[in-house]
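Novice:
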Amino acid sequence: MSDPLYIFNSMSLCVYIYMCVSVYLQNFVVFVSYFGYFLVLFLTFAGSQSEIVIESLLASSNLRSSMPTQQIQSLRVFVATWNVGGKSPHSGLNLDALLHVHSEYDIYVLGFQEIVPLNAGNVLVLGDNEPAAKWLAMINQSLNKSSSSSGGRLGPKTPSFGAGSMFFAKPSLKKISESFRTECRRKLKICNCSTFSEEIVKKYGRESCFRCPEGLINQSGVLSDDEEDEDDDDDDDEDEDEGGGKVASLVSNQMMMKYGLVASKQMVGIFLTVWMRKELIQHVSHLRISSVTRGIMGCLGNKGCIAVSLQLYKTSFCFICSHLASGEREGDERRRNSDVIEILKNTTFPRICRTSFTRVPDRITKHDRVIWLGDLNYRIALSYSETKTLLDKNAWDTLLNKDQLKIERDAGRVFKGWHEGKIFFAPTYKYSYNSDAYAGDTTKEKKNKRRTPAWCDRILWHGDGIRQLSYVRGESRFSDHRPVCSVFVVDVEVCEGKTGTRRQ
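Using the UniProt record's numbering, read the sequence shown as starting at 1 and increasing by one per residue.
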């Protein structure tokens, strides 16, 4: 006979299990019902939004296709350096051969040293800018010469240098520089980075753009010539003189110019000038100029450098023209090394844009493409007689192994990371004036004028995207130095939209 308590407990357990299962099933049904409801809502919402999502993706794709794309454009750059020995150019000097004018390069970078005698008056008191004005005029005469056989000219007529010419009675470097600038250069903004209108910013997102400090630009945002030619402010009071009137008359044919002056700067005897094809000038921005003095006590400008920084399209360039410490005594190369180190250390360019989204280099080696030219004054570490013997044998490799610059670079003491092309030409210094003989070779010259021949005049480069096509010297007898020239192909990043154009 069964226990009544056992039967009661069993029945209670069954009832409890039944109730639990019933509640679970009810909750499960409710859960499934709610899940189905939310699933229907989700599918409905997703279906209604699918067109919006697709339209958004298409809009993003169209935006990317309409944004500028990066293209690489190759430009040819002609570079020349010449120590002119303190001589002012005369009317008989022709620069056509030196500048290779028939090749029509895209950019000309021309550096001079000792354009004025390095006497106390020019170094300590007041620099003479008359020779610089003459050099600019002669460069313009060669670069903007007509290629037609009729002998016609492009651009402003270059003034004569005759004794009766009033133009160069007291020329102003600032005024004559202005006459050789194209209209694009006159309107060149110190910062012309692309900006978006508010509507485009709201539609496509925020784009970084530059904003320039107000002190560097005038009301129209145009680069002020006073910033570049501040050394010539003393000439402003002479606007009414006869020379000024003739300078003003030079601008009548500017629209016909092939090349325009982008930048020029003089520091005592050092003079650097940059010219470009006029259609390129509108793409130049962030133009800045810096100078470093390395003369007596490191304070005077008879030695040192001028550096020009600019951005062409999206690529930054830096051009340095220097005149380093002279001397062929043992240990003088260390002074030249010190000059290079101090120039690299102390050459700085002001930041002209407030935002940090786009890189604006403030140091020489931070630029994409860097070219250094000038009278570096490095000598050959041999005696005069040993050097002359090797010269007579055309033993260039043996001489180059004794070149101080090569020795110092190989040892890592100077220009580390820089490049120089192979030298296949004779030493460029020191020649007798108007002669192909080195100073000291002729019996008429005193022994104290004798200098061991050397490759004082050099061109080096730094950075990627630079290929040297030639490295030669000129044969002008105008100075005791021979000019040195080089041609480079440089890669430039160009932003192109659908309507962008590119020179082939």
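Just so you know, even glycine gets a beta-carbon here, dropped at the ideal spot from N, CA and C. Please read all numbers here as calculations on a predicted model, not as lab measurements.
Go ahead and label Arg-288 buried or exposed: buried means 16 or more other beta carbons lie within 10 angstroms of its beta carbon, across all protein chains shown.
Specialist: Arg-288 should be labelled buried.
Novice: Would the segment 319-337 and the segment 364-384 be scored as touching if the rule is three or more Cβ pairs under 8 Å?
Specialist: Touching, yes, given that three or more Cβ pairs across the two stretches are closer than 8 Å.
Novice: What three-state label does DSSP hand Thr-428 in the structure shown?
Specialist: Here Thr-428 sits in coil by DSSP.
Novice: Contact check, Val-123 vs Gly-301 under 8 Å by CB: the rounded distance?
Specialist: Confirmed, Cβ separation roughly 7 Å.
Novice: Could you tell me the distance, in whole angstroms, from the CA atom of Gln-113 to the CA atom of Val-79?
Specialist: Roughly 14 Å between the two C-alpha positions.
Novice: Buried or exposed: which applies to Thr-365, given that a residue is buried once 16 or more other Cβ atoms fall within 10 Å of its Cβ?
Specialist: The residue in question, Thr-365, is exposed, as its Cβ has fewer than 16 Cβ neighbours within 10 Å.
Novice: Measuring alpha carbon to alpha carbon, tell me which of Gly-298, Asn-129, Met-267 ends up nearest residue 513.
Specialist: Given a span of 1 to 504 for the chain in the structure shown, any question on residue 513 remains unanswerable.
Novice: Could you tell me whether the Cβ atoms of Lys-134 and Ser-88 are closer together than 8 Å?
Specialist: Cβ atoms of Lys-134 and Ser-88: closer than 8 Å.
Novice: So Trp-461 and Asp-403 are supposed to be a Cβ contact under 8 Å. How far apart are they, rounded?
Specialist: That belief does not hold up - the Cβ atoms of Trp-461 and Asp-403 are roughly 18 Å apart, past 8 Å.
Novice: Tell me whether Trp-418 sits in a helix, a strand or coil according to DSSP, three-state version.
Specialist: Correct three-state label for Trp-418: coil.
Novice: Smallest Cα separation from Asp-392: which of Gln-73, Lys-175, Ser-470, Asp-441?
Specialist: Residue Asp-441 is the option with its Cα nearest to Asp-392.
Novice: Should Tyr-438 be labelled buried (16 or more other beta-carbon atoms within 10 Å of its own) or exposed?
Specialist: Buried, since its Cβ has 16 or more Cβ neighbours within 10 Å.
Novice: Taking the CB atoms as reference points, tell me whether Val-262 and Val-284 lie closer together than 8 Å.
Specialist: The answer is yes: Cβ separation under 8 Å.
Novice: Given a threshold of 16 other Cβ atoms within 10 Å of its Cβ, counted over all protein chains shown, does Arg-467 qualify as buried or as exposed?
Specialist: Classification of Arg-467: exposed, given that the 10 Å Cβ count is below 16.
Novice: Please name the residue in Val-489, Tyr-431, Gly-121, Phe-424 whose C-alpha comes closest to that of Arg-473.
Specialist: Selected option, being the one with the closest Cα: Phe-424.
Novice: Which runs of the beta strand (DSSP E), 3 residues or longer, sit entirely within the segment 76-129?
Specialist: Counting only runs of 3 or more, we get 107-113.
Novice: What separation, rounded to the nearest whole angstrom, lies between the Cα atoms of Ser-148 and Glu-279?
Specialist: The pLDDT assigned to Ser-148 is 40, lower than 50, so where the model puts this residue is not dependable; a value taken from the coordinates is nonetheless given after this. Distance between the alpha carbons of Ser-148 and Glu-279: 20 Å.
Novice: Under 8 Å between the Cβ atoms of Ile-115 and Gly-269?
Specialist: In contact: Ile-115 and Gly-269 (Cβ atoms closer than 8 Å).
Novice: Please state the DSSP three-state secondary structure of Lys-174.
Specialist: It is helical.
Novice: Can you check DSSP and say which residues form a bridge with Met-267?
Specialist: Met-267 pairs with Ile-270.
Novice: From what residue to what residue does the beta strand (DSSP E) around Tyr-471 run?
Specialist: Start and end: 466-473.
Novice: Using C-beta distances below 6 Å, list every residue in its chain close to Leu-95, excluding the 5 sequence neighbours before and after it, in chain order.
Specialist: Closer than 6 Å at the Cβ level, and outside the excluded window around Leu-95, lie Met-138, Ser-142.
Novice: So what does DSSP say about Ala-437, is it helix, strand or coil?
Specialist: Three-state DSSP puts Ala-437 in coil, outside helix and strand.
Novice: Determine the direct distance from the alpha carbon of Met-256 to that of Ser-338, and round the result to whole angstroms.
Specialist: Near 45 Å, if we compare the C-alpha coordinates of Met-256 and Ser-338.
Novice: Cβ of Thr-315 within 8 Å of Cβ of Glu-493?
Specialist: Yes. Within cutoff.
Novice: Work out the CA separation of Ile-341 and Leu-75 for me, nearest whole Å.
Specialist: C-alpha separation (whole angstroms): 30 Å.
Novice: Quick check on Gly-162: buried or exposed, where buried means 16 or more other Cβ atoms within 10 Å of its Cβ?
Specialist: Only weak support exists for where Gly-162 lies, its pLDDT of 43 falling under 50; the value from the coordinates is given anyway. Exposed.
Novice: Glu-328 to Asn-129, Cα distance in whole Å?
Specialist: Taking the straight line joining both Cα atoms gives about 30 Å.
Novice: Just grab the DSSP bridge partners of Met-276 for me.
Specialist: Answer is Ile-107, Gly-260.
Novice: Using a 10 Å radius around the Cβ and a threshold of 16 neighbouring Cβ atoms, would you call Lys-174 buried or exposed?
Specialist: Its Cβ being crowded by 16 or more others within 10 Å, Lys-174 is buried.
Novice: Give me, in chain order, the residues of the same chain whose beta-carbon lies closer than 7 Å to that of Pro-117; leave out the 5 immediate sequence neighbours on both sides.
Specialist: These residues qualify, in order along the chain: Gly-86.
Novice: Beta carbon of Pro-483, beta carbon of Leu-136: below 8 Å?
Specialist: No.
Novice: Can you check which of these residues, Cys-353, Thr-293, Phe-317, Val-274, is closest to Arg-181 by C-alpha distance?
Specialist: With distances taken between Cα atoms, Arg-181 lies closest to Val-274.
Novice: Quick check: Cys-318 and His-367, are their CB atoms within less than 8 Å of each other?
Specialist: Taking 8 Å as the Cβ cut-off, Cys-318 and His-367 qualify as a contacting pair.
Novice: Could you give the first and the last residue of the continuous beta strand (DSSP E) run that contains Asp-375?
Specialist: Counting along the chain, the beta strand (DSSP E) containing Asp-375 begins and ends at 369-375.
Novice: If you draw a straight line from the C-alpha of Val-414 to the C-alpha of Glu-408, how long is it?
Specialist: Using only the alpha carbons, I get a separation of about 6 Å.
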